[in-house]
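Novice: Okay, here's the structure, questions in a sec.
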Amino acid sequence: MLTPYKHEPFTDFSIESNRKRLESELEKIERKLGGTYDLLIDGEKVLTEEKITSINPGKKEEIVGYVAKANQEHAEKAVQAANQAFQTWRYTNAIDRANILIRAAAIIRRRKSEFTALLIKEAGKPWNEADADIAEGIDFMEYYARQMIELDKGKEINSRPGEYNRYLYTPSGVAVTIPPWNFAFAIMVGTTVAPLVTGNTVILKPASATPVIAAEFVDVLLEAGIPDGVINFLPGSGSEVGDYLVDHPKIALITFTGSREVGTRLYERAAAVNENQFHLKRTIVEMGGKDTVVVDNEADIDIAVDAIVTSAFGFSGQKCSAGSRAVVHEDVYDEVLERVVKRTKELTVGETTTPDVNMGPVIDQAAFNKIMNYIEIGKAEGKLMTGGEGDDSKGYFIQPTIFANLDVEARIMQEEIFGPVVAFAKAKDFDHALEIANNSEYGLTGAVITNNREKINKASREFHVGNLYFNRNCTGAIVGYHPFGGFKMSGTDSKAGGPDYLALHMLAKTISESY
Ligand code: NAP
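Just so you know, we're using the working numbering here: the sequence shown kicks off at 5 and counts up by one.
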């Protein structure tokens with residue numbers, strides 16, 4: 005019997021023993037850097053000539069690892085293997101599948117500092133953010149294991165005299181998992197184990213910026229007892245193997261998290277019915293955000309300042325939930341702006357080698373260039389209040405940047421920047437603030453800072469986002485507490501870490517028996 009689900013606690017790095025443990029893991033990781041990682045197809049490790057090189061974005065010359073790079077031939081083998089394995093995995097007992105997740109979670113928990121250290125190196129996360137990312141991965145496994153055991157009972161439907169009816173869930177088939185690099189552990193784990201525990205077999209194509217931590221996780225799944233062919237690891241180029249897998253007629257389910265551009269393209273391709281395909285593909289497509297922190301004139305300004313800074317600059321703004329717009333009531337606009345600028349100037353930026361670095365690098369050169377380009381756009385569209393500088397000589401560092409006095413339609417108010425940039429706009433009143441907040445093609449997260457109950461009720465009804473928070477930041481959703489997923493062009497609103505998520509990976513079957 006499993007204990008009730010509770011989220012994994014975060015590590016307090018002000019405690020010396022915790023700090024020392026992570027320091028020692030970081031030293032150990034440094035000695036391991038530059039290793040080689042294989043593909044996994046049908047339980048066999050496969051090395052390829054061509055490799056993906058994973059680097060530390062905070063120290064470009066540091067190579068985290070070389071990861072085998074799959075081509076379409078490997079992708080075809082992986083689909084065949086996953087399809088073969090599905091024929092038995094689908095009939096395994098749900099408790100046995102759930103137990104693999106529980107075991108994997110236990111292994112990660114034992115090696116938590118090691119995985120945290122690896123994430124600090126491979127994604128450039130600050131210590132607290134890396135720790136939270138690993139904790140979230142553990143949470144997904146613990147939560148989905150318990151959910152599966154419940155879901156396996158099916159749902160209650162009516163029976164009549166002479167007729168016994170059941171409503172049960174059955175797996176879909178071969179799933180392709182395509183995660184992003186920004187929650188290189190948590191989202192990769194969550195979107196891999198959800199199809200697995202529901203009885204599907206999986207081909208995991210990790211993000212090319214962070215494949216090493218994914219390779220390490222796949223080894224944990226093997227150690228936890230996952231059978232051959234049930235999980236296949238296929239790093240490779242999105243356009244080469246990604247497209248091939250998405251188009252493949254034997255793929256039943258695609259679970260993608262990433263940009264709007266790739267997500268919408270994938271969604272469209274997955275809708276096509278190709279030769280020898282006898283089903284419609286299911287898609288879970290979670291995409292970008294342009295998330296807003298609204299500050300009312302009846303608000304606690306300390307909370308507002310904290311919410312804006314945390315939402316905008318946590319993990320250098322590289323979160324789909326990042327609060328990249330602050331919409332502030334004109335009565336408190338100047339005060340909030342001034343205090344946010346002051347707090348932002350105190351943030352430290354650098355390689356995340358110690359717990360006191362607030363902001364690390366952005367992920368790579370392409371991201372650095374794109375964000376710096378948006379900063380130039382921002383300089384033309386608004387008033388630069390702080391930041392605006394970048395330095396890519398050693399790592400991809402960008403200063404936390406604030407622009408003020410933006411027009412609602414400005415590009416930096418509308419487009420996802422995915423970097424440490426926040427745009428301030430002034431609202432006439434609360435209704436106007438909500439109107440601005442809803443003026444986006446995205447609808448992922450939002451926060452409202454107000455002490456007025458009627459305004460809370462109004463925003464609850466009218467602020468059209470998948471995850472709405474009051475009197476706190478708009479980032480940091482926790483599995484089982486804040487099921488996560490967005491409206492509009494933010495995606496299919498699958499609500500990862502929520503009660504409806506696993507059912508999306510399964511087919512519901514009605515069984516009616518006359519007697
Ligand atoms: P991305 O460029 O769209 O990549 C996401 C994944 O798609 C990667 O594994 C990528 O592989 C793969 N890919 C690229 N082209 C492909 C293709 N043609 N077919 C199949 N797969 C393909 O996004 P990202 O830069 O990794 O992540 C940042 C984005 O994710 C942001 O927009 C952010 O808002 C969004 N995000 C959303 C959520 C959410 O829950 N809504 C959560 C986190 C992030 P390669 O790495 O090999 O290119």
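The beta-carbon is built from N, C-alpha and C at its ideal position, and this holds for glycine as well.
#1: Just verifying my parser: in three-state terms, what is the DSSP assignment at A500?
#2: DSSP state of D223, grouped into three classes?
#3: Can you give me the C-alpha to C-alpha distance between A79 and T348, rounded to a whole angstrom?
#4: Could you pull out every residue in the same chain whose Cβ sits closer than 7 Å to the Cβ of L448, ignoring the five residues on either side in sequence?
#5: Just the C-alpha distance for K492 and Y446, rounded to the nearest angstrom, thanks.
#6: Residues in the same chain with beta-carbon distance under 7 Å from G233, minus the five sequence neighbours each way, listed in chain order, please.
#7: Beta carbon of R273, beta carbon of V250: below 7 Å?
#8: Beta-carbon separation of P210 and G128 under 7 Å?
#9: Roughly how many angstroms separate the alpha carbons of V216 and K73, rounded to a whole number?
#10: Can you give me the C-alpha to C-alpha distance between K116 and I138, rounded to a whole angstrom?
#11: Please determine, among D433, L410, E31, the residue with the shortest C-alpha to C-alpha distance to V426.
#12: By alpha-carbon positions, which one of M145, K125, T52 ends up nearest to R113?
#13: Roughly how many angstroms lie between the CA atoms of N97 and M152, to the nearest whole one?
#14: Looking at the ligand NAP, does it come within less than 6 Å of A211, judged from the CB to the closest heavy atom?
#15: Who are F260's beta bridge partners in DSSP?
#16: Per DSSP, E34 forms a beta bridge with which residues?
#17: For a test of the three-state rule: what should DSSP assign to L511, helix, strand or coil?
#18: Under 6 Å: does the beta carbon of T261 sit that close to some heavy atom of the ligand NAP?
#19: Is Y400 helix, strand or coil when you go by DSSP?
#20: Can you give me the C-alpha to C-alpha distance between E31 and A121, rounded to a whole angstrom?
#21: Apply the 10 Å Cβ neighbour rule to Y41 and answer buried if 16 or more other Cβ atoms are within range, or exposed otherwise.
#22: Among L172, E126, E34, G203, which has the Cα closest to the Cα of D100?
#23: According to the neighbour-count rule (16 or more other Cβ atoms, all chains shown, within 10 Å of its Cβ), is R164 buried or exposed?
#24: At a threshold of 6 Å, does I537 count as lining the ligand NAP (C-beta to nearest heavy atom)?
#25: Kindly indicate which three-state DSSP category V353 falls into: helix, strand or coil?
#26: Express the C-alpha separation of E439 and S328 in angstroms, rounding to a whole number.
#27: CB of G327 to nearest heavy atom of the ligand NAP: below 6 Å?
#28: Taking buried to mean at least 16 other C-beta atoms within 10 Å of its own C-beta, is V277 buried or exposed?
#29: So what does DSSP say about P175, is it helix, strand or coil?
#30: Using 8 Å for Cβ pairs, my map puts P253 next to N280. What's the rounded Cβ distance?
#31: Residues in the same chain with beta-carbon distance under 7 Å from M510, minus the five sequence neighbours each way, listed in chain order, please.
#32: Which residue or residues does DSSP assign as beta-bridge partners of M363?
#33: Examine the ligand NAP and report whether any of its heavy atoms sits within less than 6 Å of the Cβ of G484.
Specialist: So, to answer that:
#1: Correct three-state label for A500: strand.
#2: Residue state, collapsed to three classes: helix.
#3: A79 and T348: Cα-Cα distance of roughly 46 Å.
#4: Result list for L448: G293, D295, C324, S325, V469, G470, N471, G490, S494, in chain order.
#5: For K492 and Y446, the distance between alpha carbons rounds to 5 Å.
#6: D46, G47, A85, A86, Q88, A89, T205.
#7: Yes, these two residues count as a Cβ contact at 7 Å.
#8: No, Cβ-Cβ distance for P210 and G128 is not below 7 Å.
#9: If you take the alpha carbons of V216 and K73, they lie about 12 Å apart.
#10: Using only the alpha carbons, I get a separation of about 7 Å.
#11: With distances taken between CA atoms, V426 lies nearest to L410 out of D433, L410, E31.
#12: For the residues M145, K125, T52, the minimum Cα distance to R113 belongs to M145.
#13: Computed Cα separation, rounded: 10 Å.
#14: With a cut-off of 6 Å, the C-beta of A211 is classified as near the ligand NAP, since at least one heavy atom of the ligand falls inside that distance.
#15: DSSP lists I182, V289 as partners of F260.
#16: For E34, DSSP records no beta bridge to any residue.
#17: Note: L511 maps to strand in three-state DSSP.
#18: Correct: T261 has its Cβ closer than 6 Å to the ligand NAP.
#19: In this structure, Y400 counts as coil in the three-state DSSP scheme.
#20: Within the model, the alpha-carbon separation for E31 versus A121 is close to 9 Å.
#21: Counting other Cβ atoms within 10 Å of its Cβ, Y41 reaches 16 or more and is therefore classed as buried.
#22: When only C-alpha atoms are compared, the closest one is G203.
#23: Per the 10 Å Cβ criterion, exposed.
#24: No information on residue 537 is available, as it lies outside the stretch 5 to 519 that the chain covers here.
#25: Assignment of V353 by DSSP, reduced to helix, strand and coil, places it in the strand class.
#26: Here the alpha carbons of E439 and S328 stand approximately 16 Å from one another.
#27: For G327, the shortest separation between its Cβ and any heavy atom of the ligand NAP does not lie below 6 Å.
#28: Burial call: exposed.
#29: In this structure, P175 counts as strand in the three-state DSSP scheme.
#30: Contact holds; Cβ gap of about 5 Å.
#31: Hits under 7 Å: Y173, T174, P175, S176, T202.
#32: DSSP lists V353 as partners of M363.
#33: For the ligand NAP, not one heavy atom lies less than 6 Å from the Cβ of G484.
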